[in-house]
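K.L.:
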Amino acid sequence: MTVAFLYALSGVALFVVAFHALVNRRHLLHKIMSLNVLGSGVFLVIGALARRAPTADPDPVPLALVITGIVVAVAATALGIVIMLRLQAATGRPELPPADRN
Amino acid sequence: MPQPGAALLVVAVLLPVSAAAACFLAPRLARGIAVAVALGLASVVVLLAVELVAHGPLEYRVGGWGAPLGIDLRADGLTLFMLLAAALTGLPITVYGLAYFPASAAAGGFWPLWMLLWGALNALFLSGDAFNLYVTLELMGLSAVVLVALAGSVDALGGAMRYLLMTLTASLIYLLGVGLLYHQTGVLDLNLLGAALQGGAADALQGGAAALGPAWVALGLMCAALLVKSALFPLHFWLPPAHSSAPVPVSAALSGLVVKATVYLLLRLWLDVMPPGKEDLGTALGVLGAAAIVWGSVQALRQSELKLLVAYSTVAQLGYLFLPFAVEAAHAGVAWRGAAYFVLCHALAKTAMFMTVGNLQKLGGSARLGELRHVARQFPVSLAAFGIAGITIIGLPPSGGFLAKWLLLQASIGAGQWWLAVVVLAGGLLSAAYVFRVVGLAFVEDGSESAPARRSSAAEWITLAVALGTLALGFTAPPMLRVLEVGSPFGEPFGGALLWEPGGAP
Amino acid sequence: MSWNAALPLLVLLSSLAPGVLIFAIPESFRRWRTLLNLAGAVLKVALVGVMALGVADGQEFELRFPLLPGMDLALVADPLAMLLVVLSSVLWLVTTVYAVGYLERSPHRRRFFGFFSICVTATVGVAMAGNLLTFLLFYELLTLSTYPLVVHRGTDVARRAGRVYLIYTLTGGTVLFGGIVWLYVLAGTVEFAPRGFVSGLPASEHGSLALIFLILVAGVGVKAALVPLHGWLPRAMVAPAPVSALLHAVAVVKAGVFGIVRIVQNVYGVEFSLDLGLTPPLAVVAAVTIVYGSLRALHQDDLKRRLAFSTVSQVSYIVLGTAVVGPLATVGGLVHLVHQGLMKITLFLCAGNLAETLDIHRISEMNGVARRMPWTMAAFSVAALGMIGLPPLVGFISKWYLGLGGVEAGESWVLAVLVVSGMLNGAYFLPILYAAWFREPPPRWPHDQGSPGRLETSWWLLAPPLTTAFLTLFLGLLASAPFSPLRWVQFVGGLVYEP
Numbered sequence: 001m002t003v004a005f006l007y008a009l010s011g012v013a014l015f016v017v018a019f020h021a022l023v024n025r026r027h028l029l030h031k032i033m034s035l036n037v038l039g040s041g042v043f044l045v046i047g048a049l050a051r052r053a054p055t056a057d058p059d060p061v062p063l064a065l066v067i068t069g070i071v072v073a074v075a076a077t078a079l080g081i082v083i084m085l086r087l088q089a090a091t092g093r094p095e096l097p098p099a100d101r102n
Numbered sequence: 001m002p003q004p005g006a007a008l009l010v011v012a013v014l015l016p017v018s019a020a021a022a023c024f025l026a027p028r029l030a031r032g033i034a035v036a037v038a039l040g041l042a043s044v045v046v047l048l049a050v051e052l053v054a055h056g057p058l059e060y061r062v063g064g065w066g067a068p069l070g071i072d073l074r075a076d077g078l079t080l081f082m083l084l085a086a087a088l089t090g091l092p093i094t095v096y097g098l099a100y101f102p103a104s105a106a107a108g109g110f111w112p113l114w115m116l117l118w119g120a121l122n123a124l125f126l127s128g129d130a131f132n133l134y135v136t137l138e139l140m141g142l143s144a145v146v147l148v149a150l151a152g153s154v155d156a157l158g159g160a161m162r163y164l165l166m167t168l169t170a171s172l173i174y175l176l177g178v179g180l181l182y183h184q185t186g187v188l189d190l191n192l193l194g195a196a197l198q199g200g201a202a203d204a205l206q207g208g209a210a211a212l213g214p215a216w217v218a219l220g221l222m223c224a225a226l227l228v229k230s231a232l233f234p235l236h237f238w239l240p241p242a243h244s245s246a247p248v249p250v251s252a253a254l255s256g257l258v259v260k261a262t263v264y265l266l267l268r269l270w271l272d273v274m275p276p277g278k279e280d281l282g283t284a285l286g287v288l289g290a291a292a293i294v295w296g297s298v299q300a301l302r303q304s305e306l307k308l309l310v311a312y313s314t315v316a317q318l319g320y321l322f323l324p325f326a327v328e329a330a331h332a333g334v335a336w337r338g339a340a341y342f343v344l345c346h347a348l349a350k351t352a353m354f355m356t357v358g359n360l361q362k363l364g365g366s367a368r369l370g371e372l373r374h375v376a377r378q379f380p381v382s383l384a385a386f387g388i389a390g391i392t393i394i395g396l397p398p399s400g401g402f403l404a405k406w407l408l409l410q411a412s413i414g415a416g417q418w419w420l421a422v423v424v425l426a427g428g429l430l431s432a433a434y435v436f437r438v439v440g441l442a443f444v445e446d447g448s449e450s451a452p453a454r455r456s457s458a459a460e461w462i463t464l465a466v467a468l469g470t471l472a473l474g475f476t477a478p479p480m481l482r483v484l485e486v487g488s489p490f491g492e493p494f495g496g497a498l499l500w501e502p503g504g505a506p
Numbered sequence: 001m002s003w004n005a006a007l008p009l010l011v012l013l014s015s016l017a018p019g020v021l022i023f024a025i026p027e028s029f030r031r032w033r034t035l036l037n038l039a040g041a042v043l044k045v046a047l048v049g050v051m052a053l054g055v056a057d058g059q060e061f062e063l064r065f066p067l068l069p070g071m072d073l074a075l076v077a078d079p080l081a082m083l084l085v086v087l088s089s090v091l092w093l094v095t096t097v098y099a100v101g102y103l104e105r106s107p108h109r110r111r112f113f114g115f116f117s118i119c120v121t122a123t124v125g126v127a128m129a130g131n132l133l134t135f136l137l138f139y140e141l142l143t144l145s146t147y148p149l150v151v152h153r154g155t156d157v158a159r160r161a162g163r164v165y166l167i168y169t170l171t172g173g174t175v176l177f178g179g180i181v182w183l184y185v186l187a188g189t190v191e192f193a194p195r196g197f198v199s200g201l202p203a204s205e206h207g208s209l210a211l212i213f214l215i216l217v218a219g220v221g222v223k224a225a226l227v228p229l230h231g232w233l234p235r236a237m238v239a240p241a242p243v244s245a246l247l248h249a250v251a252v253v254k255a256g257v258f259g260i261v262r263i264v265q266n267v268y269g270v271e272f273s274l275d276l277g278l279t280p281p282l283a284v285v286a287a288v289t290i291v292y293g294s295l296r297a298l299h300q301d302d303l304k305r306r307l308a309f310s311t312v313s314q315v316s317y318i319v320l321g322t323a324v325v326g327p328l329a330t331v332g333g334l335v336h337l338v339h340q341g342l343m344k345i346t347l348f349l350c351a352g353n354l355a356e357t358l359d360i361h362r363i364s365e366m367n368g369v370a371r372r373m374p375w376t377m378a379a380f381s382v383a384a385l386g387m388i389g390l391p392p393l394v395g396f397i398s399k400w401y402l403g404l405g406g407v408e409a410g411e412s413w414v415l416a417v418l419v420v421s422g423m424l425n426g427a428y429f430l431p432i433l434y435a436a437w438f439r440e441p442p443p444r445w446p447h448d449q450g451s452p453g454r455l456e457t458s459w460w461l462l463a464p465p466l467t468t469a470f471l472t473l474f475l476g477l478l479a480s481a482p483f484s485p486l487r488w489v490q491f492v493g494g495l496v497y498e499p
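Protein chains in written order, with our numbering: chain A, 1 to 102; chain B, 1 to 506; chain C, 1 to 499.
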């Protein structure tokens, strides 16, 4: 078992924990944060697998994937927080309104 | 040396993206810019079609780098179909937007985002590389989220939030899949991926066929992510709230184009990348598609809010796009051609339907079916548009939807897969039920005083024109399907010589 | 585009274009609308006349437009098509005149006449369809364009009837769609051929072919109102009188029956259908429908409902003639396509006159009505006697050939059906005639809308039924003259059998 494999495993663990929180937490800030943790899990896995063969140097392409992913996550987090604040202003609660209001 | 005309591929992406920037910087000019770009993109698609028929598939290597490192833009017949769907619906959506959004600066947010969304869609259709596709997916998703939120109501904000959480989670899962696949193969270009996984080259990987296991995990992750984004039943939970609460032109773009972009991507993976042994996955997708048709239609029937009815109809109609996955390989090509045509027809029909909802909301003050009962007959043009678009949704002739369903049926029956044929036919009847629930309103005479005749608004006439477009598609299939054949995205031309000779068999 | 290709298109456009234009002009432009309607109808009759002369002369009129690779929208004016084309064009003209008078004061005339014109276009398209794809296209267009006419009044009853109508016809259309695609997959073509196109398929496919036959006939049987698929028809009676007349005499039921004729003659071929054992069961269904419709008609007090069940019964004469294999029966069935149309439209127009002028809807209100409206009731009586089969009216001609055909084919039970049905026809029509002519009228008519002392009702309403009643008599007397429906049908019948 290599160190890289351990990293990958912890990435998967982060992913699972974050997904659980994403689904079950009601507070939108929690949801947005879980999304970020979930992203970190994914990035960790990809980063850990960057070394495609045991002896080779790490491949730069997966790192490019990760960096792009991080940029997107930052932008999306900002967007999510704006929408959350607007929701809170409108309903008084930082939560999702019920989906089916009929 | 780039092919002549390949520059059109870059224009198709750069034009809307730079227009987005221009609309953002000069909000006063945004409306004019948007219309000009919409017309420009429509002409680009026409020029591309001519170019494709004359020279075959096109490829443009941005910066001259080429695969495996550079960014390639590619276009074959299927790509062109998607670009065409975007242009055919994008143009009327833009024009309708002029009437829908007031000219004030407050409503100006729509234009740059709409241009960005269009650019992202075109980029997605043209990309041939798993990672670029991720970027375009994100660009498309984020601009769509903001567009939904533009409406500003609690429903819209909630819908946008759900959409955001869904689309980001799915994107990350997709990215994870891409990372794993790269780890396996060392390439990201779809063609190279396909070569690595599909052909005999798979054996060249360490471990031979056994090495496909991890690749399937990666592909499975990508598929799952795309299925969520395509709102395939039962992963459609986010679609009705988002699509029904957005401003009307946005709803039309989301239902008509955005959900189909991810189906397109899934299809590309299916055709170009996935190794053999995918029949069970295909059957599962087909079954889910069938379930979507039934479930979505029944839900549409139960809605009291017209906009939700139309949104659930989208859930149902998307199901048709998944049926061909289940069709036996020898007949799948015919089914895919039907599905491709279906994309075009549904995009236009759904646009007309959402526009009708918008007209009724704006002019009639409500889009609840119960309240529409009393006012609907004052809007004959809008309801006529809804009814005409409904012809395509039901799949009745003369409309493009009918021809698409003919091909789907022909493939299912040809393959002896009767359950698919039954689903295609039953889906038509179910959609008739909810379409006529709305159309019937136009004929209600409840004894109340007839309102004074009113002039139909420009928005209503646009709606009617879009709806008539779906009828026109009932007469344009042969030349369009010919363009679809460029680059043979579905393998062998179907029916052989029979296909192209007018008059059929002797 | 050559003249021979353009003419079928022009025939379609002569009703489609006025329909579309009528939608475009405002409701208040009454004169323009009437002008458009009449101009379209007259033009159509003229064009059809030219085409009929051409067909009789041996010319071919054909227009093709590719809809899918390898599959065309095909409009072909063959002799069989001309039968329905001529019938619908002439009756459209008659009904248009009538409708202009009938809807004088009612709202939504724009919508009514617009869809009315599209409806006729669809019927003519059904007639001229050169393959099953084209047939299906116009068949469904007919469904779509008649729905607004059925729900025209907008009342709850009308809308419920519209819903029932849609459920029946759209389901029928869907079944037909499935059957056609299956046949296409099997045979590789859906083009009509004079003696069918499936007889060359290997014997291993005969089971599938029989099943497809069942599916196709069930699909078109809905509009043909074959028992037990007839339920929509009596309900659709809520529509205004011109619509009922059109639905029953020309458009919808005829499209269904015409579909059955096409399937038996031009898809399977008469003799091959018999070889597969498909026509005898169809004949039985037709016979059951004939008797059942008549029995139900006996008990209806509502005049239009009685006529509706009579239609259920009479239309199946055509099916019976098609399903009994033999040249004479074929002639009898096909000629009834025209004859039944003439008689039934007369009856419905007269019923409309009673409703419009005196607000009479029930047979129990008709005592002595012939004294108030002698011309209307005279026309009604001629058509009713024709239905019973009294010589020399056209109904007699149909029944005569059907009977001869039954004997010729060795199916003598057909005679029994004809006799029973003729008696039942008498049983539900003669009491109406008796009441109208010989019973004492009420001292005054409670809802009389007419102007006493002048004509019994307006010319617009009176001229059409008198015309069709006259044709009922005239075409019966001159049945063997050249260009009579009978002569034409004998020509058509000659094409479907091996020489």
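Yeah, the Cβ is synthetic: ideal placement off N, Cα and C, and Gly gets one too.
Only a predicted model underlies this, so the values are computations on that prediction, with no experimental measurement involved.
In its own chain, which residues sit with a C-beta less than 6 angstroms from the C-beta of E191(C), not counting the 5 before and 5 after it?
P.N.:
Here residue 191(C) refers to the residue found at position 191 of the third sequence. Same-chain partners within the cutoff: N131.
K.L.:
What span of residues does the alpha helix (DSSP H) with D275(C) cover, start to end?
P.N.:
As a position in the third sequence, residue 275(C) is number 275, starting the count at 1. Element bounds for D275(C): 270-275.
K.L.:
Assuming contact is defined by CB atoms lying nearer than 8 angstroms, are Y139(C) and V198(C) in contact in what I supplied?
P.N.:
Here the question's residue 139(C) lines up with position 139 in the third sequence. Here the question's residue 198(C) lines up with position 198 in the third sequence. No, Cβ-Cβ distance for Y139(C) and V198(C) is not below 8 angstroms.
K.L.:
Using a Cβ cut-off of 9 angstroms, pull out every chain C residue sitting near F436(B), in sequence order please.
P.N.:
Working through the second sequence from its first residue, we reach residue 436(B) at position 436. Near F436(B) (Cβ distances below 9 angstroms), the residues of chain C are Y147, G162, R163, L166, L170.
K.L.:
Pick out whichever of R105(C), S15(C), P374(C), P281(C) has its Cα sitting closest to the Cα of V319(C).
P.N.:
Working through the third sequence from its first residue, we reach residue 319(C) at position 319. It is P281(C).
K.L.:
Answer with yes or no whether the minimum CB distance from G221(C) to chain B is below 8 angstroms.
P.N.:
Along the third sequence, one-based indexing puts residue 221(C) at 221. No, its Cβ sits nowhere closer than 8 angstroms to a Cβ of chain B.
K.L.:
Secondary structure at A21(A), three-state DSSP: helix, strand or coil?
P.N.:
Here residue 21(A) is taken as the residue at index 21 of the first sequence, counted from 1. DSSP places A21(A) in helix when its eight states are reduced to three.
K.L.:
Can the beta-carbon of L52(B) be found less than 8 angstroms from the beta-carbon of Y60(B)?
P.N.:
Taking the second sequence and counting its residues from 1, one reaches residue 52(B) at position 52. Taking the second sequence and counting its residues from 1, one reaches residue 60(B) at position 60. Contact: no.
K.L.:
If we count Cβ pairs, one from each stretch, closer than 8 angstroms, do we get three or more for the segment 356-369 of chain C versus the segment 394-411 of chain C?
P.N.:
In short, these stretches do not touch, since the Cβ pair count stays below three.
K.L.:
Skipping 5 residues on each side, what residues in its chain have a beta carbon closer than 7 angstroms to that of V175(C)?
P.N.:
Counted from its first residue, the third sequence places residue 175(C) at position 175. Excluding positions up to five away in sequence, the list reads I215, A218, G219.
K.L.:
Report the CB separation of S297(B) from S412(B) in whole angstroms; it is logged as a contact under 8 angstroms.
P.N.:
Counted from its first residue, the second sequence places residue 297(B) at position 297. Counted from its first residue, the second sequence places residue 412(B) at position 412. The Cβ separation is near 18 angstroms, so there is no contact.
K.L.:
With burial defined as no fewer than 16 other Cβ atoms inside 10 Å of the residue's Cβ, what is the status of Q206(B): buried or exposed?
P.N.:
To locate residue 206(B), count along the second sequence from 1; it is residue 206. Summary for Q206(B): the model assigns pLDDT 48, below 50, so the residue's position carries little reliability; its value from the coordinates is reported in the next sentence. So Q206(B) counts as exposed.
K.L.:
Based on DSSP bridge pairs, tell me the residues matched to D189(B).
P.N.:
Locating residue 189(B) in the second sequence gives position 189, where the first residue counts as 1. Bridge partners of D189(B): D129(B).
K.L.:
Could you tell me whether the Cβ atoms of T68(A) and V135(B) are closer together than 8 angstroms?
P.N.:
Residue mapping note: residue 68(A) aligns to position 68 of the first sequence, counting from 1. Residue mapping note: residue 135(B) aligns to position 135 of the second sequence, counting from 1. Yes; because the gap between Cβ atoms is below 8 angstroms, this pair is in contact.
K.L.:
Given a cut-off of 8 angstroms, decide if S251(B) and L363(B) are closer than it, judged by their beta-carbon atoms.
P.N.:
What you label residue 363(B) is simply residue 363 of the second sequence in a count that begins at 1. What you label residue 251(B) is simply residue 251 of the second sequence in a count that begins at 1. Not in contact: L363(B) and S251(B) (Cβ atoms no closer than 8 angstroms).
K.L.:
I need the DSSP call for N131(C), collapsed to helix, strand or coil.
P.N.:
Within the third sequence, the letter at position 131 stands for residue 131(C). Here N131(C) sits in strand by DSSP.
K.L.:
Kindly indicate the opening and closing residues of the beta strand (DSSP E) around A481(C).
P.N.:
Taking the third sequence and counting its residues from 1, one reaches residue 481(C) at position 481. It is not in any beta strand (DSSP E) - A481(C) carries neither H nor E in the DSSP assignment.
K.L.:
In terms of DSSP beta bridges, what is P66(C) paired with?
P.N.:
By 1-based counting over the third sequence, the position of residue 66(C) is 66. The partner list for P66(C) (beta bridge, DSSP) reads D72(C).
K.L.:
Where L172(B) and D189(B) are concerned, what is the direct C-alpha to C-alpha distance, given to the nearest angstrom?
P.N.:
In the second sequence, the residue the question calls residue 172(B) occupies position 172. In the second sequence, the residue the question calls residue 189(B) occupies position 189. Going by the C-alpha atoms only, they are around 19 angstroms apart.
K.L.:
If the criterion is Cβ atoms closer than 8 angstroms, does the pair F380(C) and G476(C) meet it?
P.N.:
Taking the first residue of the third sequence as position 1, residue 380(C) is located at position 380. Taking the first residue of the third sequence as position 1, residue 476(C) is located at position 476. Cβ distance not < 8 angstroms, so F380(C) and G476(C) don't count as in contact.
K.L.:
Can you list the residues of chain C that E445(B) reaches, using a CB-CB cut of under 7 angstroms?
P.N.:
As a working note, residue 445(B) is residue 445 in the second sequence. Neighbours of E445(B) on chain C, chain order: R153, G154, T155.
K.L.:
For A75(B), name the three-state secondary structure that DSSP assigns.
P.N.:
For this step, residue 75(B) is matched to residue 75 along the second sequence. Three-state result, A75(B): strand.
K.L.:
Can a CB atom of chain B be found closer than 8 angstroms to the CB of I83(A)?
P.N.:
By 1-based counting over the first sequence, the position of residue 83(A) is 83. Yes - at least one Cβ of chain B is within 8 angstroms of the one on I83(A).
K.L.:
I think L67(C) touches F81(B), with their Cβ atoms under 8 angstroms apart; what is that distance to the nearest whole Å?
P.N.:
The sequence position of residue 67(C) within the third sequence is 67, counting from 1. The sequence position of residue 81(B) within the second sequence is 81, counting from 1. Their Cβ separation, rounded to whole angstroms, is 18 angstroms, which puts L67(C) and F81(B) out of contact at 8 angstroms.
K.L.:
Excluding sequence positions up to five away, which residues of its chain have a Cβ less than 6 angstroms from the Cβ of S313(C)?
P.N.:
Translated into the one-based positions of the third sequence, residue 313(C) becomes position 313. Here the set comprises I290, G293, S294.
K.L.:
Identify each residue in the segment 152-175 of chain B for which the Cβ-Cβ distance to at least one residue of chain A is less than 9 angstroms, and report them in chain order.
P.N.:
The residues in question are G152, S153, V154, D155, L157, G158, G159, A160, M161, R162, L164, L165, T167, L168, T169, S171, L172, I173, L175.
K.L.:
What residues from the segment 277-305 of chain B come within 9 angstroms of chain C, judged by C-beta to C-beta, listed N to C?
P.N.:
The segment 277-305 of chain B vs chain C, Cβ under 9 angstroms: nothing.
K.L.:
Which residues in chain B have a C-beta closer than 7 angstroms to the C-beta of W182(C)? List them in chain order.
P.N.:
In the third sequence, residue 182(C) corresponds to position 182, counting from 1. Here the neighbours are I413.
K.L.:
Please list, in chain order, the residues of the segment 28-41 of chain C that have any C-beta partner in chain B closer than 7 angstroms.
P.N.:
For the segment 28-41 of chain C, which is checked against every Cβ of chain B, not one residue is closer than 7 angstroms.
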